[in-house]
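One structure is given here, and the rest of the page talks about it.
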């Protein structure tokens, strides 16, 4: 089974879980959204809990990797790298799907195991490493808290980026 097809299934599953919630979403809903037969879906995932865990892990892995790449690009100023990293980590979840995904993750902690704590720690470590200098853990924590607040308050991804840019500029002394 191709990884591109699996990725398409996981991307479709994220939309279905965000739209209907974990309890109401069905394997049929995901199969239809992914344009795959239900038996075909079961070749990839044996159960809805397994599909849900894989979907959340896929989404978080994508966010972490995009943030890591942004922060690692030392040819760009730290300001630009931080703004892009926060956009990948939190900005992509702004808008109609944002509240649904947050509720989805918060309301199903047993299904996700350590993911809700593991991935934020990984992102924080990336930001701390990129910041370096004085009190990087404090600065990273403050920027992360700011991003979480903006994510829940902003109506669009563009608004998230603009407001996160203000926060990063405050840190960078602009």
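In my numbering, the protein residues as written are 150 to 323.
Glycine included, each C-beta is placed from N, C-alpha and C at the ideal position.
Same chain, Cβ closer than 8 Å to residue i, five either side skipped, listed in chain order
i, result
"residue 150", "Note that residue 150 scores 47 on pLDDT, short of 50, meaning its location in the model is unreliable; the coordinates nonetheless yield the value given after this. 192 and 193."
"residue 153", "none"
"residue 262", "202"
Near the ligand NAD: residue i beta-carbon under 8 Å from a heavy atom
i, result
"residue 263", "Ligands are entirely absent from the displayed structure, and the ligand NAD is therefore not among its contents."
Collapsed DSSP secondary structure at residue i in the structure displayed
i, result
"residue 184", "coil"
"residue 304", "coil"
"residue 223", "coil"
"residue 311", "helix"
"residue 281", "coil"
"residue 272", "helix"
"residue 175", "coil"
"residue 263", "coil"
"residue 298", "helix"
"residue 243", "coil"
"residue 201", "helix"
"residue 166", "helix"
"residue 194", "coil"
"residue 256", "coil"
"residue 189", "helix"
"residue 211", "helix"
"residue 322", "coil"
Residue burial classification, residue i (beta-carbon count within 10 angstroms, cutoff 16)
i, result
"residue 223", "exposed"
"residue 279", "buried"
"residue 163", "buried"
"residue 208", "buried"
"residue 220", "buried"
"residue 180", "buried"
"residue 311", "exposed"
"residue 295", "buried"
"residue 167", "buried"
"residue 240", "buried"
"residue 159", "buried"
"residue 175", "exposed"
"residue 230", "buried"
"residue 218", "exposed"
Same chain, Cβ closer than 7 Å to residue i, neighbours up to 5 away in sequence not counted
i, result
"residue 268", "209 and 213"
"residue 178", "165 and 169"
Same chain, Cβ closer than 6 Å to residue i, five either side skipped, listed in chain order
i, result
"residue 321", "228"
"residue 297", "none"
Next on the checklist: With three or more beta-carbon pairs closer than 8 Å as the criterion, would you say the region 172-188 touches the region 226-240?
Outcome noted: Here the region 172-188 does not lie against the region 226-240, with fewer than 3 beta-carbon pairs under 8 Å apart.
Item to check | Contact the region 209-219 vs the region 298-305: 3+ CB pairs below 8 Å | outcome: Cβ pair count under 8 Å is below three, so no.
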